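Participant:
Residue numbers (our numbering): -3 to 228.
This is the structure in structure tokens:
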């Protein structure tokens, strides 16, 4: 099965507080997004990589993008950007991986695990929850302790048979879930869940952190500078 990847990087990343969108801030001498793009473009099982960017950045794609990587203007919500990326791959691949551009450290091993599982059906990487988790009410009072054995933190890339992913987005449109629901879709597995499609899990990677806040960026830079993450 041919495999393609959609790297979603059309957001602004305002919580990082940088002067430019967070996907273009420096990380170890390269734009943060470059780490993600090179991980997928350099993977032997991936034939096509599509990146969605803010419209003004998509007009003049960065020169550091590897050959063969295509760029498209993303949408308002994450789901819109994924839909655009999947459309750009239509008919070219049988498996699609969707990855957040703000996760620069996806390893080749993680990508391979997701690809292998996604050949059989929707699959997502997960890691365990170490902290005790409480459910609270709207006044901040504890309602209950949630068993953490049943909880997992979800990462990307998430993998899907291409036809399944395209169908879930088409059904979401047909169901008229609306912009509010689309904005609340934080990953594509949520679409499958809502439509009753089974989603399997594979082992995630604790190093595959998502850059959201200045603290996250500081941790990522330390990981690079200390040699925990190989340069790309």
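C-beta atoms are modelled at their ideal positions from N, C-alpha and C, and glycine is treated no differently.
Note that the structure is a prediction, hence the values are computed from the model and not measured.
1. Please tell me whether residue 50 and residue 114 are closer than 8 Å, where the distance is taken between their beta carbons.
2. Considering only residues of the region 85 to 158, which uninterrupted beta strand (DSSP E) runs meet the minimum length of 3 residues and lie entirely inside it, listed in chain order?
3. Between residue 12 and residue 209, how many whole angstroms is the CB-CB distance? I'm expecting something under 8 Å.
4. Closest to residue 196 by C-alpha separation, out of 188, 81 and 203, would be which residue?
5. What are the partner residues of residue 0, as DSSP defines its beta bridges?
6. My output table needs one value for residue 39: the three-state DSSP class, helix, strand or coil.
7. Rounded to whole angstroms, how far is the Cβ of residue 98 from the Cβ of residue 19, which I believe are closer than 8 Å?
8. Is there a Cβ from chain C that is less than 8 Å from the Cβ of residue 156?
9. Can you tell me where the alpha helix (DSSP H) with residue 185 in it begins and where it stops?
10. Check whether the Cβ atoms of residue 109 and residue 100 sit closer than 8 Å, and answer yes or no.
11. Tell me the rounded alpha-carbon separation between residue 76 and residue 59.
12. Would residue 165 and residue 89 be called neighbours here (beta carbons separated by less than 8 Å)?
13. Taking the straight line between their C-alpha atoms, what separation do you get for residue 179 and residue 10?
14. On the premise that residue 21 lies in contact with residue 191, defined as a C-beta separation below 8 Å, what is that separation, rounded to the nearest angstrom?
15. Opposite residue 68 in the DSSP bridges: which residues?
16. To the nearest angstrom, how far is the alpha carbon of residue 202 from that of residue 3?
Facilitator: According to the structure shown:
1. As a first step, residue 50 must be located in the chain shown, where it is residue number 54. As a first step, residue 114 must be located in the chain shown, where it is residue number 118. No, Cβ-Cβ distance for residue 50 and residue 114 is not below 8 Å.
2. If one requires a minimum length of 3 residues, the beta strand (DSSP E) runs lying completely within the region 85 to 158 are 91 to 96, 119 to 124, 129 to 132, 138 to 142, 148 to 150 and 154 to 157, in chain order.
3. In the chain shown, the residue the question calls residue 12 occupies position 16. In the chain shown, the residue the question calls residue 209 occupies position 213. About 6 Å separates the beta carbons of residue 12 and residue 209, which is inside the 8 Å limit, making them a contact pair.
4. Position 200 of the chain shown, counting from 1, holds the residue named residue 196. The residue with the shortest Cα to Cα distance from residue 196 is 188.
5. Here residue 0 corresponds to residue number 4 of the chain shown, with the count starting at 1. Beta-bridge pairing links residue 0 to 44 and 92.
6. Reading the chain shown from its first residue, position 43 is the one you call residue 39. Coil at residue 39, not helix or strand.
7. Along the chain shown, read from residue 1 onward, the residue named residue 98 stands at position 102. Along the chain shown, read from residue 1 onward, the residue named residue 19 stands at position 23. Their Cβ separation, rounded to whole angstroms, is 7 Å, which keeps residue 98 and residue 19 in contact under 8 Å.
8. Of the protein chains in this structure there is only one, and it is not chain C.
9. Start at 1 with the first residue of the chain shown, and residue 185 comes out as number 189. Annotation: the continuous alpha helix (DSSP H) that includes residue 185 extends over 185 to 190.
10. Numbered from its first residue, the chain shown carries residue 109 at position 113. Numbered from its first residue, the chain shown carries residue 100 at position 104. Not closer than 8 Å, so no.
11. Within the chain shown, numbered from 1, the residue matching residue 76 stands at position 80. Within the chain shown, numbered from 1, the residue matching residue 59 stands at position 63. The straight-line gap separating the alpha-carbon atoms of residue 76 and residue 59 is approximately 25 Å.
12. Within the chain shown, the letter at position 169 stands for residue 165. Within the chain shown, the letter at position 93 stands for residue 89. No, the pair does not count as a contact, with Cβ atoms beyond the cut-off.
13. As a first step, residue 179 must be located in the chain shown, where it is residue number 183. As a first step, residue 10 must be located in the chain shown, where it is residue number 14. No answer about residue 179 holds up, because its pLDDT of 48 lies below 50 and its placement is not dependable.
14. Within the chain shown, the letter at position 195 stands for residue 191. Within the chain shown, the letter at position 25 stands for residue 21. Their Cβ separation, rounded to whole angstroms, is 36 Å, which puts residue 191 and residue 21 out of contact at 8 Å.
15. The sequence position of residue 68 within the chain shown is 72, counting from 1. Answer by DSSP bridge pairing, in chain order: 48.
16. On the chain shown, residue 202 is found 206 positions in, with the first residue counted as 1. On the chain shown, residue 3 is found 7 positions in, with the first residue counted as 1. So the two alpha carbons sit approximately 20 Å from each other.
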